[in-house]
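Visitor:
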Amino acid sequence: MSWECVIGLEVHVQLRTKTKLFCGCRTTFGASPNSQTCPVCAGHPGVLPVLNRGAVDLALRAGLALDCSMASVTKFDRKNYFYADLPKGYQISQFDLPINGPGHLDIVTESGPRRIGITRAHLEEDAGKLIHADASGVSHVDLNRAGTPLLEIVSDPDLRQPEEAFAYLKTLKQVLQYLDVSDCNMEEGSLRCDANVSVRPMGQEALGTKTEIKNLNSFKNVQKALEYERARQIEALESGGTIRQETRLWDDAASRTRVMRVKEGADDYRYFPEPDVPPLTIASERIERLRADLPELPVQVRARLARDYSLGEYEVEVLADSRALVTFYESVVSHGGSPKEAINWVLNDVRRLLNEGDGRLEELKLSSESLAGLLKLVASDRVSTQAARKAFEQMASSGRSAEEVVQELGLEQISDRGALSDQVAAVVAAQAKIVEQYRGGKVKALDALMGMVMRETRGKANPQLVRELLVEQLGEPG
Amino acid sequence: MSPSTPSALDLATSVRSGERTAIDIVEESLAAIEALNPKLRAFLKVDGNGARQRAEELDAARQAGETLGPLAGVPIALKDNLCTRGLETTCGSRILEGYRPPYDATVVERLRGAGAVIVGKTNLDEFAMGSSTENSAFGPTSNPWDASRVPGGSSGGSAAAVAAGLVPVALGSDTGGSIRQPASLCGVVGLKPSYGRISRFGLVAFGSSLDQIGPLTSTVAEAAALFSVLAGPDPRDGTCDERPAPDSLAALEKRDVSRLRIGVPRAAFGAGVEASVTAACRASLDALSARGARLIDLDLDWSDLAIPTYYLVATSEASSNLARYDGVRYGSRAAGHEDLIGMITASRGAGFGPEVKRRILLGTYALSAGYYDAYYRKATQARALMGRQFAAAFEQVDVIATPTSPTPAFPIGEKSEDPLQMYLCDVFSVPANLVGLPGLSVPCGASADGLPIGLQLMARRFDETTLLQAGACLEDARPEPLGLPPIHRLAKGGAR
Amino acid sequence: MDIDRIAELSRLALTEAERARYAKDLDSILGHFERLQAADTSDVPPAVSAVALAPRERDDIPRESPPVDVLLEGAPARQDDLYEVPRVIAAE
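Going down the list, the protein sequences come from chains A, B and C. According to our numbering, the first sequence is numbered sequentially starting from 1. According to our numbering, the second sequence is numbered sequentially starting from 1. According to our numbering, the third sequence is numbered sequentially starting from 1.
#1: If you drop the 5 nearest sequence neighbours on each side, which residues of the same chain put their C-beta closer than 6 Å to that of C/Tyr-83?
#2: Can you pull the chain A neighbours of C/Tyr-83, defined as C-beta to C-beta under 7 Å?
#3: Counting only Cβ pairs nearer than 8 Å, list the residues of chain A close to C/Ile-61.
#4: Take the Cβ of B/Leu-340 as the centre, count every other Cβ of all protein chains shown within 10 Å, and call the residue buried at 16 or more, exposed below.
#5: Determine the closest residue to A/Pro-295 out of A/Cys-23, A/Leu-64, A/Ser-380 and A/Ser-198, with distance taken between C-alpha atoms.
#6: On a Cα-Cα basis, can you pick out the residue from B/Leu-210, B/Ala-205, B/Gly-207 and B/Leu-191 that is closest to B/Ala-221?
#7: In this structure, what does DSSP give as the bridge partners for B/Val-189?
#8: What is the rounded straight-line gap between the Cα of A/Ala-195 and the Cα of B/Thr-89?
#9: Would you tell me roughly how many angstroms separate the C-alpha atoms of A/Ser-190 and B/Ile-198, rounded to the nearest one?
#10: For A/Thr-281 and A/Arg-26, I'd like the C-alpha separation in whole angstroms.
#11: Is it buried or exposed for B/Tyr-365, if we count other Cβ within 10 angstroms and need 16 for buried?
#12: Secondary structure at A/Gln-437, three-state DSSP: helix, strand or coil?
#13: Kindly list, in the order they appear in chain C, the residues whose Cβ is closer than 7 Å to that of B/Ala-382.
#14: Should A/Lys-263 be labelled buried (16 or more other beta-carbon atoms within 10 Å of its own) or exposed?
#15: Would you grab the beta carbon distance between A/Gly-43 and B/Cys-83 for me? Rounded to a whole angstrom, and I think it's under 8 Å.
#16: The alpha helix (DSSP H) that contains B/Ile-179, what's its start and end?
#17: For A/Lys-129 and A/Ser-255, I'd like the C-alpha separation in whole angstroms.
#18: Thinking C-alpha only, which one of B/Leu-40, B/Pro-215, B/Ile-307 and B/Ala-293 is nearest B/Pro-431?
#19: Can you check whether the CB of A/Pro-49 is closer than 9 Å to the CB of A/Ile-92?
#20: B/Asn-143: buried (16+ other C-beta within 10 angstroms of its C-beta) or exposed?
#21: Which residues of the segment 202 to 218 of chain B have a Cβ closer than 9 Å to any Cβ of chain A? Give them in chain order.
#22: Could you work out which residue in B/Ile-23, B/Pro-406, B/Val-397 and B/Arg-461 is closest to B/Leu-185 when comparing CA atoms only?
#23: Anything in chain C within Cβ reach of A/Leu-280, meaning under 8 Å, just list it in chain order.
#24: Have a look at A/Asp-134 and C/Arg-87 and give me their C-alpha separation to the nearest angstrom.
#25: Contact criterion: CB-CB distance below 9 Å. Does B/Arg-291 meet it with respect to chain A?
#26: Using a Cβ-Cβ cut-off of 6 Å (strictly less than) and excluding sequence neighbours within five positions of A/Ala-283, which residues of its own chain qualify?
#27: Taking A/Ile-287 as the reference, give the member of A/Ala-62, A/Val-13, A/Arg-16 and A/Cys-5 with the closest Cα.
#28: Below 8 Å on C-beta distance, what does C/Arg-65 contact in chain A?
#29: Between B/Ile-412 and the rest of its own chain, which residues show a CB-CB distance below 7 Å, the 5 nearest in sequence each way excluded?
#30: Chain F partners of C/Val-68, CB-CB under 7 Å?
#31: Residues of chain B with a CB under 8 Å from the CB of C/Asp-80: which are they?
#32: Mind checking if C/Arg-19 is an interface residue toward chain A, Cβ cutoff 9 Å exclusive?
#33: Sorted by chain position, which residues of the same chain lie with C-beta nearer than 7 Å to B/Asp-211's C-beta, five sequence neighbours on each side aside?
#34: Report the rounded CA-to-CA distance for A/His-12 versus A/Glu-285, giving the unit in angstroms.
#35: To be precise: take each residue of the segment 84 to 105 of chain A, compare its Cβ to all Cβ atoms of chain B, and keep it if any distance is under 8 Å. Which residues remain?
#36: Taking 9 Å as the threshold (beta carbon to beta carbon), is B/Cys-240 in contact with chain C?
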């Protein structure tokens with residue numbers, strides 16, 4: 001029998017607000033424990049939540065990009081459960097009137113483009129962090145993360161392949177980064193993903209029993225876990241077994257999923273409307289204003305890169321992977337770098353710098369303007385490509401301009417015809433033997449003469465020009 | 001305070017003019033508390049040092065030529081579910097014993113800004129859950145009119161403190177009658193403003209969609225003055241209305257009893273209401289009528305809906321609001337548990353008293369899978385239905401009058417074993433909370449054995465001005481003032 | 001009603017006597033509340049609050065958090081700047 005896999009993904013992204021969803025505490029990652037908490041997010045008696053307008057705007061912005069239908073009224077609900085990292089004993093989330101209703105995301109898979117349904121994308125607050133027991137048998141709680149705004153984006157069960165899930169996540173992350181609604185940094189937890197997966201005989205309408213997989217810490221692991229789980233479920237069913245509805249954890253070290261210990265009793269979150277946060281009416285003007293502010297999405301940017309800069313398909317794909325890199329590239333071009341040269345430098349050299357560092361363009365000392373300056377020096381023959389590479393490294397480490405670095409390192413090449421002509425003449429006069437060989441038909445001898453001129457000029461001569469002058473002075477070989 | 005308790009307004013005037021000093025007034029209040037509190041147990045905590053320090057600051061400020069606020073030098077007591085920075089706030093519960101809030105409630109800031117001097121925190125039913133103050137983990141408060149009886153609740157400590165003259169004014173909170181009912185049983189004025197009028201920031205939540213803070217005072221004028229200080233928008237409470245506080249005290253001058261249309265629900269004087277209560281309320285309404293007010297009978301009858309609706313909504317919200325008391329971040333933690341869930345469960349089991357547990361269980365049940373629609377959701381629908389009924393009634397009348405409580409103060413212990421009977425006593429007070437209306441209890445008479453009886457008035461949402469005007473008209477019209485509670489005679493004989 | 005289940009959801013440790021007493025109390029209270037079912041609410045949308053409240057939103061402007069000690073000094077147990085709790089033992 002052949003089987004079809006059915007996958008739905010729940011993605012939590014941390015919205016890029018300055019403050020928490022319901023209080024004014026900062027959301028800076030990596031702050032010292034409990035330094036970003038207050039009576040509100042620490043759940044003290046008597047405090048009240050007040051909704052962050054910025055989080056609402058970011059959520060709506062994401063909803064617009066995902067073509068979600070927008071409710072004119074959205075409300076918040078309490079999800080009740082006890083845990084040490086949940087200060088109030090409930091999480092403020094959204095139950096039946098999410099801020100973003102059904103929408104979709106277009107992805108490209110190996111078998112072509114696919115449209116994946118988005119069930120909803122709702123706002124909720126994050127929990128704190130429970131640091132699990134050490135040898136002494138106690139755990140610790142840090143509430144810095146408690147109350148951070150999250151957007152939970154739930155896909156329809158439209159994905160059929162683990163690779164599709166990978167493509168969906170990659171595309172979703174790209175869209176959210178282009179929108180600047182989230183860092184989408186999985187290591188820092190600003191993007192988290194749970195997967196629901198089931199299998200059914202090909203052609204069957206009814207869905208099979210699904211399992212939920214948690215603890216997925218990279219897109220690659222999502223794909224691996226889904227592949228594992230698909231195989232596990234098919235094997236179970238083919239050997240006459242059944243699938244139990246359960247939550248499973250991805251064990252990266254063992255490359256397998258395993259059953260998460262079931263919480264006592266079935267969950268009963270007792271959702272009810274949050275009385276402290278009145279239902280929010282979203283004015284159509286607000287949505288229109290946000291729509292007008294919507295930045296270009298990846299699809300649009302790709303088309304523009306191909307059209308405006310005549311970039312190839314591969315170049316577009318790699319460049320557009322990062323919105324920041326696109327901006328950097330376009331800035332290099334706007335400062336006078338040639339599109340063709342700029343793409344090579346950006347895709348190779350700038351990306352290498354990013355990989356060596358922490359991956360953030362804003363952390364680079366190299367500015368788009370100074371890179372453009374370097375490209376202009378190359379284009380005007382003042383710097384050789386080889387010297388430019390040297391200059392680039394220096395610019396990247398010092399943050400100084402191309403002009404300064406080239407001056408300091410003496411990298412400017414000699415393109416003065418008169419001056420070079422004398423140097424060439426001197427070499428030709430001094431190397432009668434080699435000149436002889438050349439004239440005798442040994443074309444390679446020209447390279448030797450060139451090397452000598454280059455040495456004489458300490459590598460600064462414009463090689464193109466040297467060759468030209470040599471040929472001019474020696475005449476044609478043979 | 002001396003038995004001829006001057007009003008808070010007179011005190012503030014005398015402090016502002018320099019006729020009296022704030023420290024002098026505060027010392028009188030502290031002395032009265034010292035003399036009478038052992039018998040009444042109205043205060044859980046007296047902040048003598050803080051109060052004296054604040055009073056001296058006020059006196060110094062006046063000396064320096066500063067203009068003092070409208071409540072300058074007025075001693076005030078706060079129900080112990082209002083957060084005071086650094087000053088223990090227990091909600092009458094073991095689970096919060098020793099808890100010192102890291103912040104002040106908005107109302108505390110506003111009172112201080114107006115020049116009031118906080119002298120202490122008053123007793124209450126644990127987490128404001130009760131109608132008698134017997135549910136306090138720290139023991140019951142006595143009614144100043146009869147120490148063997150309850151002061152009502154849950155703001156029983158505040159009501160008793162004002163009735164006994166320990167402080168001229170106090171704050172309480174009202175989720176289903178917790179200001180008005182003790183005001184009625186202690187013979188003082190109690191105002192529950194419209195939902196959204198006064199910031200709830202710093203009021204420890206019981207039923208978030210029902211809770212309001214309000215004053216307990218001797219006169220309607222004092223209630224109006226406090227209301228104006230407390231009301232108004234607050235960026236820390238998303239449910240607090242944007243409208244600025246009206247000058248309700250000034251508006252009292254413009255009261256005109258002849259333009260008042262008072263709705264009287266027929267059901268309000270039916271079965272279950274003690275005869276003395278019916279008689280006192282009727283007499284005061286007749287007195288208003290004699291002065292020109294129009295009495296209009298209403299068919300409005302919420303007797304079947306109100307109690308189930310209220311108790312389902314309030315306990316559902318409470319079950320969630322009280323989930324934060326888990327022994328993790330503050331409050332008391334049960335010792336000897338090596339696992340988290342065991343610790344949480346044990347801390348809550350040991351920290352909460354019986355009525356709080358009962359209500360958490362009831363609310364949890366009403367929200368649980370399979371019961372939500374029949375209980376919580378149905379109650380929210382009934383709540384909307386009541387809103388419609390009241391809106392229709394207010395097309396014909398300006399205020400609606402009922403008894404505040406079906407009985408005068410009852411003996412301590414009489415109802416504490418029968419929760420349902422206790423709940424049913426709230427039948428007149430809960431609608432104002434469910435519908436968000438302002439409600440006011442004004443003393444209107446006494447029973448044969450001298451126990452105070454209050455008349456409740458309700459008005460349209462945000463029409464506290466009309467409500468307070470009507471209350472002042474009732475003060476003008478009522479047969480005779482109640483005089484002073486017997487506790488003063490005890491005190492005079494017993495203390496100092 | 002399943003008092004054990006409700007107590008568990010409520011995270012309340014109750015003695016046998018308490019369980020019996022609350023089960024009885026709740027039965028009697030809920031029995032009285034049955035009269036609510038008679039109310040015709042077929043055309044009434046539920047009201048979370050009795051009143052329509054104007055939504056209030058806050059600008060995304062940081063406020064300084066209080067010093068860590070202000071919040072942690074009242075903690076039943078702490079280790080440095082962290083709250084300390086017993087470990088989580090998941091039930092089978």
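No residue lacks a Cβ here, since even glycine has one placed at the ideal position from N, Cα and C.
Guide: This is what the structure gives:
#1: Ala-75, listed in sequence order.
#2: Chain A residues near C/Tyr-83: His-140 and Val-141.
#3: Contact of C/Ile-61 with chain A by beta-carbon distance below 8 Å involves Lys-18, Thr-19 and Gly-24.
#4: Here B/Leu-340 is buried. Its C-beta has 16 or more other C-beta atoms within 10 Å.
#5: The shortest Cα separation from A/Pro-295 among A/Cys-23, A/Leu-64, A/Ser-380 and A/Ser-198 belongs to A/Leu-64.
#6: Just measuring C-alpha positions, the residue of B/Leu-210, B/Ala-205, B/Gly-207 and B/Leu-191 sitting nearest B/Ala-221 is B/Leu-191.
#7: B/Val-189 pairs with B/Thr-217.
#8: Looking at the two C-alpha atoms, the distance is approximately 45 Å.
#9: Roughly 38 Å separates the two Cα atoms.
#10: Distance between the alpha carbons of A/Thr-281 and A/Arg-26 is about 26 Å.
#11: Buried, since its Cβ has 16 or more Cβ neighbours within 10 Å.
#12: Reduced to three states, the DSSP call for A/Gln-437 is helix.
#13: Think of a sphere of 7 Å around the beta carbon of B/Ala-382: the chain C residues whose beta carbon falls inside it are Leu-36, Ala-39 and Thr-41, in chain order.
#14: Reliability of the predicted coordinates at A/Lys-263 is poor, the pLDDT of 49 falling under 50, and the value obtained from them is presented with this limitation in mind. By the neighbour-count rule (16 or more Cβ atoms within 10 Å), A/Lys-263 is not buried but exposed.
#15: Not a contact, Cβ separation roughly 13 Å.
#16: It is not in any alpha helix (DSSP H) - B/Ile-179 carries neither H nor E in the DSSP assignment.
#17: Computed Cα separation, rounded: 25 Å.
#18: For B/Pro-431, the closest C-alpha among the options B/Leu-40, B/Pro-215, B/Ile-307 and B/Ala-293 is that of B/Ile-307.
#19: Going by C-beta atoms, A/Ile-92 is nearer than 9 Å to A/Pro-49.
#20: Around the beta carbon of B/Asn-143, 16 or more other beta carbons lie within 10 angstroms, which makes this residue buried.
#21: Within the segment 202 to 218 of chain B, the qualifying residues are Gly-202, Leu-203, Val-204, Ala-205, Gly-207, Ser-208, Ser-209 and Leu-210.
#22: The closest CA to that of B/Leu-185, considering only B/Ile-23, B/Pro-406, B/Val-397 and B/Arg-461, is found on B/Pro-406.
#23: Contact note: A/Leu-280 reaches chain C through Pro-55 and Glu-57, using a C-beta cutoff of 8 Å and chain order.
#24: Straight across, the Cα-Cα distance linking A/Asp-134 with C/Arg-87 is about 9 Å.
#25: It does not; no Cβ of chain A falls within 9 Å.
#26: Excluding sequence neighbours, A/Ala-283 sits near nothing in its chain.
#27: For the residues A/Ala-62, A/Val-13, A/Arg-16 and A/Cys-5, the minimum Cα distance to A/Ile-287 belongs to A/Ala-62.
#28: Checking the sequence shown, residue 65 of chain C turns out to be Ser, not Arg. Neighbours of C/Ser-65 on chain A, chain order: Cys-25, Arg-26, Ser-35, Gln-36, Thr-37 and Cys-38.
#29: Within the same chain, B/Ile-412 has close Cβ partners Glu-134, Pro-140, Ser-148, Arg-149 and Val-150.
#30: Protein chains in the displayed structure are A, B and C, and chain F is not among them.
#31: Here the premise fails: no neighbours, minimum Cβ distance about 15 Å.
#32: No, its Cβ sits nowhere closer than 9 Å to a Cβ of chain A.
#33: The residues are Ser-173, Thr-175, Arg-200, Leu-203 and Ala-205.
#34: Straight-line Cα distance between these residues: approximately 27 Å.
#35: Result list: Ala-84, Pro-87, Lys-88, Gly-89 and Tyr-90.
#36: Yes, B/Cys-240 lies at the interface with chain C (some Cβ there is under 9 Å from its Cβ).
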